[in-house]
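*Asks:* Just passing along the structure, written as structure tokens.
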Amino acid sequence: MGQVVLKGINKFYDSVHAVVDVNLQIRDKEFVVFVGPSGCGKTTTLRMIAGLEAISSGDISIDGNVVNDLAPMDRDIAMVFQNYALYPHMSVYDNMAFGLKMRKFEKAEIDKRVREAADILGIGDYLKRKPRQLSGGQRQRVALGRAIVRHPRVFLFDEPLSNLDAKLRVQMRVELKKLHLRLGTTAIYVTHDQVEAMTLGDRVVVMKDGLVQQVGEPLELYNQPANKFVAGFIGSPAMNFANVTVTEANGSLLAENSGLRIKLPDETAQRLRGHVGREVTLGVRPEDLTVAGAADADRPCFDAVIEVVEQLGSEILLDMKVGDGVMVASIEPTVRVKVRDKLRLAMRPSRLHVFDAKTETAI
Amino acid sequence: MIEGAIWRKWVFFYAPMGLFLLFLLFPFYWMVITSVRPDGELYRPWNAINYNPFWTWKPTLDHVRYLFEETLFASWLWNTMFIALMSTAISLVCGVFAGYALSRLNFPFAGSLGTGIFITYLVPQTLLFIPLAEIVRNYRLGDTPWSLILTYPTFLIPFCTWLMMGYFKAVPKELEECARIDGASRWQAMLYIIIPVAIPGILSAGIFAFTLSWNEFIYALVFLSSPEQKTVPVGVTSELIRGDVFFWGPLMAGALLGSIPVAIAYSFFVEHYVAGLTGSVKG
Ligand SMILES: Nc1ncnc2c1ncn2[C@@H]1O[C@H](COP(=O)(O)OP(=O)(O)OP(=O)(O)O)[C@@H](O)[C@H]1O
Ligand SMILES: [Mg+2]
Numbered sequence: 001m002g003q004v005v006l007k008g009i010n011k012f013y014d015s016v017h018a019v020v021d022v023n024l025q026i027r028d029k030e031f032v033v034f035v036g037p038s039g040c041g042k043t044t045t046l047r048m049i050a051g052l053e054a055i056s057s058g059d060i061s062i063d064g065n066v067v068n069d070l071a072p073m074d075r076d077i078a079m080v081f082q083n084y085a086l087y088p089h090m091s092v093y094d095n096m097a098f099g100l101k102m103r104k105f106e107k108a109e110i111d112k113r114v115r116e117a118a119d120i121l122g123i124g125d126y127l128k129r130k131p132r133q134l135s136g137g138q139r140q141r142v143a144l145g146r147a148i149v150r151h152p153r154v155f156l157f158d159e160p161l162s163n164l165d166a167k168l169r170v171q172m173r174v175e176l177k178k179l180h181l182r183l184g185t186t187a188i189y190v191t192h193d194q195v196e197a198m199t200l201g202d203r204v205v206v207m208k209d210g211l212v213q214q215v216g217e218p219l220e221l222y223n224q225p226a227n228k229f230v231a232g233f234i235g236s237p238a239m240n241f242a243n244v245t246v247t248e249a250n251g252s253l254l255a256e257n258s259g260l261r262i263k264l265p266d267e268t269a270q271r272l273r274g275h276v277g278r279e280v281t282l283g284v285r286p287e288d289l290t291v292a293g294a295a296d297a298d299r300p301c302f303d304a305v306i307e308v309v310e311q312l313g314s315e316i317l318l319d320m321k322v323g324d325g326v327m328v329a330s331i332e333p334t335v336r337v338k339v340r341d342k343l344r345l346a347m348r349p350s351r352l353h354v355f356d357a358k359t360e361t362a363i
Numbered sequence: 001m002i003e004g005a006i007w008r009k010w011v012f013f014y015a016p017m018g019l020f021l022l023f024l025l026f027p028f029y030w031m032v033i034t035s036v037r038p039d040g041e042l043y044r045p046w047n048a049i050n051y052n053p054f055w056t057w058k059p060t061l062d063h064v065r066y067l068f069e070e071t072l073f074a075s076w077l078w079n080t081m082f083i084a085l086m087s088t089a090i091s092l093v094c095g096v097f098a099g100y101a102l103s104r105l106n107f108p109f110a111g112s113l114g115t116g117i118f119i120t121y122l123v124p125q126t127l128l129f130i131p132l133a134e135i136v137r138n139y140r141l142g143d144t145p146w147s148l149i150l151t152y153p154t155f156l157i158p159f160c161t162w163l164m165m166g167y168f169k170a171v172p173k174e175l176e177e178c179a180r181i182d183g184a185s186r187w188q189a190m191l192y193i194i195i196p197v198a199i200p201g202i203l204s205a206g207i208f209a210f211t212l213s214w215n216e217f218i219y220a221l222v223f224l225s226s227p228e229q230k231t232v233p234v235g236v237t238s239e240l241i242r243g244d245v246f247f248w249g250p251l252m253a254g255a256l257l258g259s260i261p262v263a264i265a266y267s268f269f270v271e272h273y274v275a276g277l278t279g280s281v282k283g
């Protein structure tokens, strides 16, 4: 079992309100990812769950028991740190065995579990080495091994992949996911990388300035971001935003600013009935823009001037000037374009996001 | 290393380094040569024809023999060793715990307490020995090794504490947190994780403390009076300088033999000790 419930968690560091009223129910076997920009309070939240940081107010319970006052060792959790925190004077084997020794396990049981974990992680050959004789990826595995030998209720990860190079990070990401599927232990994972969040998480918690912005499954965050921050944070390249005024003409709604004049599709228009004459923020993802063809006449279209062309092979990223603003579009690699070209682009009507210009929440 | 022509290497690297070495090593050379010269050469006037202060053709061990047979040098050596080891041990134990507490336990005033301890280290011994003499007398410790074993820590503990504080601060706190999650109590985490990781720091603190107490002079001079209780620095200077007569041969032989244990301690731990000074813990 490994059910974690956060109820009204707050953390103050003197005057800094690092974590603000976090409520969350993490189900057994779930992989939950906390994601957000630097300093948003992810680590602090994780450390409060681990018991390394006192809770200013609120309750944390694991499997129904409030653990606010339990020492880290009594919470039956295991944590993997960003810098691995391997014990430098111990061999890989002893690093993994330490937690079991402290808990007075039988020697034979310790040996069995360490070898089992080493097998799973493919570090059987390095058991006698010291951490400094290992590469970054191997150290990462040892740190994981040290967590899994304990068979804890909950794994806590604090940016465990951020010290690895890009390629290894992708590889370890996949292995982490496999490991989770295999062990089925509840995992809470902190990262600032939205790709990691999207690929690993059963559910993702987006935080900013200590506040939870949205909790949801990865696709839910991608398709229905609750506010402009989540919309811009999830997805790469980031969503394009344009401040527009909603106007009405001949019974249909238009969104206008200096460079745009778009007829809003019915579905969006429905939601904006009450906003006529007001300013809203329009959002559209680069991948939801296409070069407009004859068939796109009834789609929302606009003109743009290309400023930069980024060839990625699988796609082309266009940095464009649209009126006074800029937008990024991701288009088919077969399209021939060059800098300073004028281009007409169409938006996928169903993928248009609108946000209140002041509160930034989705409309 | 300086790149380029060989002469540049000589001018900018070897020559300055050679001069520096000469400067550093000359006192040792002087000590060695004086301790093996016969008295006849040592007290030859400077304007004698065969005056040659830098070399001898008739080396002798007379001075060393004199030290061991006519003076209590052997007991001085033993006293110094005993006192230095004991006071170093006491100071290291206290310093390690205090350093750990000051750097890791976030209790109120930890910072100012750390500074306070450092300031006590700065109080000169020449000032401190007067009240300490009173204490030593009250507890009837005068003229026993304990008068030094218990007073040396007054400057050794602050020193070790300060050094260990710096070292413990450099040990990532995640190591300890991880141990605590792994099921170690604070005490076990310190014993099994932090102290083993801090061994280089502890060694360098120990070597420094040992050297400081080995060479200490004022307290030893004031608190010890009978010749058989004395330490090497005090014994050599007080028993081999009588009035204004300097027994240069035995003096130098005593100084030389007295510095050997320290030199051995240094060379034995030199690798750890350098690592301790640069204070790096690699994960
Ligand atoms: N020990 C501390 N004392 C005071 N303020 C702190 C302390 N630890 C964290 N903070 C503050 O709390 C806020 C949240 O910090 P936290 O470490 O949780 O951020 P994070 O989301 O993990 O960021 P990052 O991605 O950079 O690791 C920050 O504003 C930080 O400055
Ligand atoms: Mg963090």
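Protein chains in written order, with our numbering: chain A, 1 to 363; chain B, 1 to 283. By construction, the Cβ of each residue, glycine as well, lies at the ideal position given by its N, Cα and C atoms. Every value quoted in this text rests on a predicted model; they were computed, and no experiment measured them.
#1: A/GLU109: buried (16+ other C-beta within 10 angstroms of its C-beta) or exposed?
#2: Can you list, in chain order, the stretches of the beta strand (DSSP E) that have 3 or more residues and sit fully within the segment 213-285 of chain A?
#3: Start and end of the alpha helix (DSSP H) containing A/TYR93?
#4: Quick one: what's got a C-beta closer than 6 Å to A/VAL5's C-beta in the same chain, skipping five residues either side?
#5: Residues of chain B with a CB under 8 Å from the CB of A/ALA18: which are they?
#6: Strictly below 9 Å CB to CB, what residues from chain A border B/ALA170?
#7: Taking the C-alpha atoms as reference points, what is the distance between B/MET31 and B/ARG65?
#8: Report the rounded CA-to-CA distance for B/PHE10 versus B/LEU21, giving the unit in angstroms.
#9: Taking the alpha-carbon positions, what's the B/ALA255 to B/GLY206 distance?
#10: For chain B, check one thing: does any of its Cβ atoms lie closer than 9 Å to the Cβ of A/GLN140?
#11: Helix, strand or coil for B/PHE107, going by three-state DSSP, please let me know.
#12: Going by the beta-carbon positions, is the gap between A/LEU134 and A/PRO160 smaller than 9 Å?
#13: In angstroms with no decimal places, state the Cα-to-Cα distance between B/LYS282 and B/TYR139.
#14: Assuming A/GLN194 is part of the alpha helix (DSSP H), what are its boundary residues?
#15: Would you mind sorting B/GLU303 into buried or exposed? The rule is 16 or more other CB atoms within 10 Å of its CB.
#16: Per DSSP, A/THR290 is paired with what?
#17: Would you decide whether B/PHE13 is buried or exposed? Buried here means 16 or more other CB atoms lie within 10 Å of its CB.
#18: At a cut of 8 Å, does the segment 282-290 of chain A reach the segment 349-363 of chain A through at least three beta carbon pairs?
#19: Measure from the C-beta of B/GLY183 to each C-beta in chain A and report whether the shortest distance is under 9 Å.
#20: Quick one: measure Cβ to Cβ for A/ALA304 and A/LEU343, integer angstroms, because I've assumed they're closer than 8 Å.
#21: In chain B, which residues lie with their C-beta within 9 Å of the C-beta of A/HIS89?
#22: Using 9 Å as the threshold, is the C-beta distance between A/ASP324 and A/SER258 below it?
#23: Can you list, in chain order, the residues of its chain with a C-beta nearer than 6 Å to that of B/LYS230? Leave out the 5 residues immediately preceding and following it.
#24: For B/ALA84 and B/GLY258, I'd like the C-alpha separation in whole angstroms.
#25: Please classify A/MET48: does DSSP put it in a helix, a strand, or coil?
#26: Just the chain A side, please: which residues come within less than 8 Å of B/ARG140 by C-beta, in chain order?
#27: The alpha helix (DSSP H) spanning B/TYR219 covers which residue range?
#28: Would you call the CB atoms of A/LEU200 and A/LYS167 closer than 9 Å?
#29: Can you list, in chain order, the residues of its chain whose CB lies under 8 Å from that of B/SER280, leaving out five sequence neighbours each side?
#30: Roughly how many angstroms lie between the CA atoms of B/LEU141 and B/ALA220, to the nearest whole one?
#31: Output yes or no for whether 9 Å exceeds the beta carbon distance between A/HIS151 and B/PRO196.
#32: For B/LEU175, return the contacting residues in chain A, with the cut-off set at a CB-CB distance below 7 Å.
#33: For a minimum of 4 consecutive residues, which ranges assigned as the alpha helix (DSSP H) are wholly contained in the segment 65-153 of chain B?
#34: What does B/ARG180 touch in chain A if you count any residue whose Cβ is under 8 Å from its own?
#35: Hey, how far is the Cα of A/ASP298 from the Cα of A/MET327?
#36: Based on DSSP bridge pairs, tell me the residues matched to A/THR361.
*Replies:* Inspection of the coordinates gives the following:
#1: Exposed, by the Cβ-count rule.
#2: Listed in chain order, they are 240-249, 252-256, 261-263 and 279-284.
#3: Annotation: the continuous alpha helix (DSSP H) that includes A/TYR93 extends over 92-102.
#4: For A/VAL5, where only same-chain residues beyond five positions count, the Cβ hits under 6 Å are GLN25 and SER61.
#5: Within 8 Å Cβ-Cβ: nothing; A/ALA18 doesn't reach chain B, min ~17 Å.
#6: What B/ALA170 touches in chain A: nothing, since even the nearest Cβ is about 12 Å away.
#7: So the alpha carbons of these two residues sit roughly 16 Å apart.
#8: Note that residue 10 of chain B is Trp in the sequence shown, not Phe. Distance between the alpha carbons of B/TRP10 and B/LEU21 is about 15 Å.
#9: In a straight line, the C-alpha of B/ALA255 is about 22 Å away from that of B/GLY206.
#10: Judged by the 9 Å Cβ criterion, A/GLN140 is not in contact with chain B.
#11: Coil at B/PHE107, not helix or strand.
#12: Contact flag unset, no.
#13: Here B/LYS282 scores only 44 on pLDDT, less than 50, and its place in the model is too uncertain to base an answer on.
#14: It spans 194-200 - the alpha helix (DSSP H) in which A/GLN194 sits, taken as one unbroken run.
#15: This structure cannot speak to residue 303 of chain B, because chain B is shown only from 1 to 283.
#16: BP columns for A/THR290 point to A/ALA346.
#17: Classification of B/PHE13: exposed, given that the 10 Å Cβ count is below 16.
#18: Segments in contact, yes.
#19: B/GLY183 belongs to the set of residues whose beta carbon lies under 9 Å from a beta carbon in chain A.
#20: The beta-carbon separation of A/ALA304 and A/LEU343, rounded to 5 Å, stays under the 8 Å limit for a contact.
#21: For A/HIS89, the chain B residues whose C-beta falls within less than 9 Å of its own C-beta are ILE193, PRO196, VAL197 and ILE199, listed in chain order.
#22: It is a contact, given that the beta carbons lie within the stated cut-off.
#23: These residues qualify, in order along the chain: TRP76 and LEU224.
#24: C-alpha separation (whole angstroms): 12 Å.
#25: Note: A/MET48 maps to helix in three-state DSSP.
#26: What B/ARG140 touches in chain A: nothing, since even the nearest Cβ is about 45 Å away.
#27: B/TYR219 -> alpha helix (DSSP H) spans 218-223.
#28: Taking 9 Å as the Cβ cut-off, A/LEU200 and A/LYS167 do not qualify as a contacting pair.
#29: In this prediction, B/SER280 scores a pLDDT of 45, lower than 50, which makes its location untrustworthy; the coordinate-derived value is nonetheless stated afterwards. Cβ contact annotation for B/SER280 (same chain, cutoff 8 Å, sequence separation greater than five): ALA170, in chain order.
#30: A straight line joining the alpha-carbon of B/LEU141 with that of B/ALA220 spans about 12 Å.
#31: No, they are not a contact pair.
#32: The contacting residues are ALA85 and TYR87.
#33: Contiguous alpha helix (DSSP H) elements confined to the segment 65-153 of chain B occur at 73-104, 110-122, 125-138 and 145-149, taking only those with 4 or more residues.
#34: For B/ARG180, the neighbours in chain A by C-beta distance under 8 Å run, in chain order, LEU52, ALA71, PRO72 and MET73.
#35: Those two C-alpha atoms are separated by around 21 Å.
#36: A/THR361 is bridged to A/ASN227.
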